[in-house]
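Written out below as structure tokens is the structure these notes cover.
Number of protein chains: 2
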Amino acid sequence: MRSAAVVGTGLIGTSVALALSRRGVAVFLDDADTTAARTAEALGAGSLAAPEQPVDVAVLAVPPARVGTVLKSCQERGLAHAYTDVASVKARPYRDVLRAACDPARYVGGHPLAGGERSGPLAARADLFEGRLWVLTPVEPADRAALNQVLELVALCGATPVIMDAAAHDRAVALTSHAPHLMSSLTAARLAEADGEDIRVSGQGLRDVTRIAAGEPGLWGDILEANAEAVADVLEACADDLRRTVAALRALHGADGGARRQAAADLQEILRRGRRGAGRVPSKHGARPAEFATVPVAVPDQPGALARLFAAVSEAGVNIEDVSIEHAVDQPTGLVELVVERSSTEEVRRLLDARGWTARDRTPAASRG
Amino acid sequence: MRSAAVVGTGLIGTSVALALSRRGVAVFLDDADTTAARTAEALGAGSLAAPEQPVDVAVLAVPPARVGTVLKSCQERGLAHAYTDVASVKARPYRDVLRAACDPARYVGGHPLAGGERSGPLAARADLFEGRLWVLTPVEPADRAALNQVLELVALCGATPVIMDAAAHDRAVALTSHAPHLMSSLTAARLAEADGEDIRVSGQGLRDVTRIAAGEPGLWGDILEANAEAVADVLEACADDLRRTVAALRALHGADGGARRQAAADLQEILRRGRRGAGRVPSKHGARPAEFATVPVAVPDQPGALARLFAAVSEAGVNIEDVSIEHAVDQPTGLVELVVERSSTEEVRRLLDARGWTARDRTPAASRG
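Protein sequence lines, in the order shown, are assigned to chains A and B. Residues 1 to 369 (this note's numbering) are what the first sequence spells out, left to right. Residues 1001 to 1369 (this note's numbering) are what the second sequence spells out, left to right.
As structure tokens, then:
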């Protein structure tokens, strides 16, 4: 790839432009908002000049509802050989592309899974997409050359491409992004009129749950509108659970006996299901959940022995995730089981061996991930 | 303070013990779970011996439902001169304290606003409470000496004390912690049975919203039960908003004309209220929201001038939060307004002056914080 155009120099567009410019691609910037465009240029994202010949790929970093019309106008002026967008919904922009009578063979829908609460070019970073997923939703008759140009774009931004069906993408993001955004908004909305002293009594948990609610309402309105049905389906299921949760809490406050026990069980069911769901969220793209294994060690029943064992493992930079201590009544030693990341078990065994600890032989425990 | 007892060596208890031990306080540890107690000891949190005389203060780091009975047994064996607990609800433990016929004058309820998804002594840190709030809910006839012992404990842990009424505390945490926890659980619960490929399409936002849902269901069940009514009140208001949100999304998908416009307006209202609420969450305890001010600069209409301006400000380590660029048609210069943290404005003015930029005179804009 030698040249690219970025139409729309907000957070995402400018970040793409910065990433491509750093890799030596000639980037041409375009935005009706001249402050945004000139700011992006001044940050080194590219040039405000118009390209003299079609660029290899054009990235339309505009709101979802504008993808169709912007693509049409870019194709009419022959801006690029291949086109992609970055909208976080995919089915409706594609419908708009067909309605606007664009050439769909040159267009591959895209959605980089990156962003932030801050918007605009000043929040842009060349490494915004490093290690992130970037969904592509090519639809027949998208041509192979266009798809490959867009795959190269994704690679130059340091992201991992994932090819999906547009409708499946939209259902997935309803579940993982759009419905969670509204649940965050609903939680934060309760704070809008609350007493300041009450809000002061808060910790990191509240910051985390409400962070995405700070996103720009206009942009989010567009996104939610374009994916309204799928989001409503997810939220309706949340509403059912919420009704049951409120009923359980009311019964825990007021009821007795069997009704109370049932309410406690209902509440536990919600909490456990929530915990199971939270455990399925990828900790980082590409990173698998850590797998743990148990290293059993015989520890002499002497003052400070356990402290020395912990210190030895910590010095090696290995985190002890969990521990269990068994004291055998008829023996002068206790059995300590250290739970550490599976990848560190050999190192821990070698270390303990070198320090004279007896690492007992035992089948490692199954993964706790 | 010379001596303290910590009853319950989980995350919070062990962290208190580590903080006090580092400040030279003799700490005595007690936990029916001998693995937890021995682990805390091995981490340097204190001694497993029983104190020979009453300690200055005992911290009961046990579940909310056990505060009354544990306090009773500690007072019967004369463990300490003053007592506090760390339960995240306060009215019910106090009721239990009175029911158990404890001496309430020696007891000051407490709730440090710190924690984590990991539990147990291995997750403990001496600095867990640094810069955090620690609510105290003394009730007449709590004596002054007991209150001052507990205030010293809070100070030794590096936290900021806040004195509140127990019922007001419980209403506040229903709003800022308990209801948000359940909203996080409900969001995460949708992922429990979802397709793995769908969950893969997720970003930092989902991780943030669902993080607290990973908390221990047993512990959270106890907390929610002890504050059930206040939490139900908050969640019922969330349920009303959720119903309106689902109705708006359905209308955005299916309706036309006025109904559709009304639905879009309803959705915007929720998003805007959520954003306003999110903006009220303290960014860090003690930290006020940043205040911003505008520095206007005349920038010559030459290639690269704006880039040089940005570079000069960045080199000084000042972050540009926002920018607006006005080009006056009849002048050879444009007016650029840089929005920076108010505390940096003088530095930016001096810097620009030294580099020959004309920082125009203008009344600074009002705070955006």
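Ideal Cβ positions, reconstructed from N, Cα and C, are used throughout, including at glycine. Given the structure is predicted, the values throughout are model-derived calculations rather than measurements.
Going along chain B, which residues have a C-beta under 8 Å from residue i?
{"i": "residue 236 (chain A)", "result": "1246"}
{"i": "residue 340 (chain A)", "result": "The premise fails here: residue 340 (chain A) is roughly 11 Å from chain B at the closest Cβ pair, so nothing lies under 8 Å."}
{"i": "residue 239 (chain A)", "result": "1239, 1242, 1243, 1246"}
{"i": "residue 225 (chain A)", "result": "1252, 1264, 1267"}
{"i": "residue 113 (chain A)", "result": "1201, 1202, 1203"}
Can you find a C-beta in chain B that's less than 9 Å from the C-beta of residue i?
{"i": "residue 50 (chain A)", "result": "no"}
{"i": "residue 12 (chain A)", "result": "no"}
{"i": "residue 61 (chain A)", "result": "no"}
{"i": "residue 185 (chain A)", "result": "yes"}
{"i": "residue 307 (chain A)", "result": "yes"}
{"i": "residue 300 (chain A)", "result": "no"}
{"i": "residue 150 (chain A)", "result": "no"}
{"i": "residue 268 (chain A)", "result": "yes"}
{"i": "residue 353 (chain A)", "result": "no"}
In chain order, what residues of the same chain have a beta carbon less than 8 Å from the beta carbon of residue i, not counting five sequence neighbours either side?
{"i": "residue 45 (chain A)", "result": "6, 9, 14, 17, 18, 21, 27, 29, 121, 124"}
{"i": "residue 1075 (chain B)", "result": "1083, 1102, 1103, 1106"}
{"i": "residue 260 (chain A)", "result": "251, 252"}
Near residue i, which residues of its chain fall below 6 Å by C-beta distance, leaving aside the five closest residues on each side in sequence?
{"i": "residue 51 (chain A)", "result": "28"}
{"i": "residue 54 (chain A)", "result": "78, 80, 81"}
{"i": "residue 91 (chain A)", "result": "166, 167, 170"}
{"i": "residue 1113 (chain B)", "result": "1132, 1133"}
Is the shortest distance between the beta-carbon of residue i and the beta-carbons of chain A less than 9 Å?
{"i": "residue 1177 (chain B)", "result": "yes"}
{"i": "residue 1191 (chain B)", "result": "yes"}
{"i": "residue 1374 (chain B)", "result": "Residue 1374 (chain B) is absent from the model: chain B starts at 1001 and stops at 1369."}
{"i": "residue 1220 (chain B)", "result": "yes"}
{"i": "residue 974 (chain B)", "result": "Nothing can be reported for residue 974 (chain B): it is not among the residues displayed for chain B, which extend from 1001 to 1369."}
{"i": "residue 1215 (chain B)", "result": "yes"}
{"i": "residue 1020 (chain B)", "result": "no"}
{"i": "residue 1073 (chain B)", "result": "no"}
{"i": "residue 1294 (chain B)", "result": "no"}
{"i": "residue 1282 (chain B)", "result": "yes"}
{"i": "residue 1132 (chain B)", "result": "yes"}
{"i": "residue 1001 (chain B)", "result": "no"}
Quick one: give me the first and last residue of the alpha helix (DSSP H) that residue i is part of.
{"i": "residue 1097 (chain B)", "result": "1091-1099"}
{"i": "residue 3 (chain A)", "result": "That residue, residue 3 (chain A), is in no alpha helix (DSSP H); its beta strand (DSSP E) goes 3-7."}
{"i": "residue 253 (chain A)", "result": "228-254"}
{"i": "residue 172 (chain A)", "result": "166-173"}
{"i": "residue 1035 (chain B)", "result": "1034-1042"}
{"i": "residue 1199 (chain B)", "result": "1196-1200"}
{"i": "residue 1187 (chain B)", "result": "1179-1189"}
{"i": "residue 1270 (chain B)", "result": "1257-1279"}
{"i": "residue 310 (chain A)", "result": "305-315"}
Go to residue i, then tell me how far its beta strand (DSSP E) extends in each direction, as first and last residue.
{"i": "residue 341 (chain A)", "result": "333-341"}
{"i": "residue 1356 (chain B)", "result": "Run containing residue 1356 (chain B): none; DSSP gives neither H nor E here."}
{"i": "residue 1057 (chain B)", "result": "1055-1060"}
{"i": "residue 1110 (chain B)", "result": "1107-1112"}
{"i": "residue 1012 (chain B)", "result": "Careful: residue 1012 (chain B) lies outside any beta strand (DSSP E), inside the alpha helix (DSSP H) at 1011-1022."}
Run through chain B and tell me which residues come within less than 7 Å of residue i, C-beta to C-beta.
{"i": "residue 310 (chain A)", "result": "1042, 1043"}
{"i": "residue 273 (chain A)", "result": "1189, 1192"}
{"i": "residue 320 (chain A)", "result": "1122"}
{"i": "residue 84 (chain A)", "result": "Near residue 84 (chain A) there are no residues of chain B at all, since even the closest Cβ is about 17 Å away, more than 7 Å."}
{"i": "residue 38 (chain A)", "result": "1306, 1325"}
{"i": "residue 167 (chain A)", "result": "Near residue 167 (chain A) there are no residues of chain B at all, since even the closest Cβ is about 12 Å away, more than 7 Å."}
Nearest CA to the CA of residue i: which residue from the options?
{"i": "residue 224 (chain A)", "options": "B:1248, B:1084, B:1236", "result": "B:1248"}
{"i": "residue 177 (chain A)", "options": "A:192, A:152, A:228, A:129", "result": "A:228"}
{"i": "residue 1086 (chain B)", "options": "B:1310, B:1133, B:1180", "result": "B:1133"}
{"i": "residue 217 (chain A)", "options": "B:1226, B:1276, B:1257", "result": "B:1276"}
{"i": "residue 1235 (chain B)", "options": "B:1047, B:1215, B:1171, B:1070", "result": "B:1171"}
{"i": "residue 1353 (chain B)", "options": "B:1295, B:1098, B:1205, B:1325", "result": "B:1295"}
{"i": "residue 1037 (chain B)", "options": "A:111, A:306, A:320, A:341", "result": "A:306"}
{"i": "residue 1147 (chain B)", "options": "B:1108, B:1040, B:1293, B:1304", "result": "B:1108"}
For residue i, which residues in chain B fall below 9 Å Cβ to Cβ?
{"i": "residue 229 (chain A)", "result": "1249, 1250, 1252, 1253, 1254"}
{"i": "residue 135 (chain A)", "result": "1201"}
{"i": "residue 316 (chain A)", "result": "Under the 9 Å cutoff, chain B gives no residues; its nearest Cβ is about 16 Å from residue 316 (chain A)."}
By Cβ distance, which residues of its chain are closer than 7 Å to residue i, with the 5 residues on each side in sequence left out?
{"i": "residue 1344 (chain B)", "result": "1318"}
{"i": "residue 1286 (chain B)", "result": "Here the model assigns residue 1286 (chain B) a pLDDT of 49, short of 50, so the residue's position is not dependable, and the following value carries that caveat. Once the five neighbours on either side are set aside, the close Cβ partners of residue 1286 (chain B) are 1131, 1160."}
Residue i touches chain A at which residues, Cβ-Cβ below 9 Å?
{"i": "residue 1277 (chain B)", "result": "185, 187, 188, 189, 190, 191, 192, 193, 194, 199, 210, 213"}
{"i": "residue 964 (chain B)", "result": "Because residue 964 (chain B) is not part of the residues shown, which for chain B are 1001 to 1369, the question remains open."}
What does residue i reach in chain A if we use C-beta pairs closer than 7 Å?
{"i": "residue 1172 (chain B)", "result": "198, 201"}
{"i": "residue 1324 (chain B)", "result": "35"}
Would you mind telling me which residues of chain A sit closer than 8 Å to residue i, beta carbon to beta carbon, in chain order?
{"i": "residue 1335 (chain B)", "result": "None at all; the shortest Cβ gap to chain A is about 11 Å."}
{"i": "residue 1180 (chain B)", "result": "187, 205, 206, 209, 210"}
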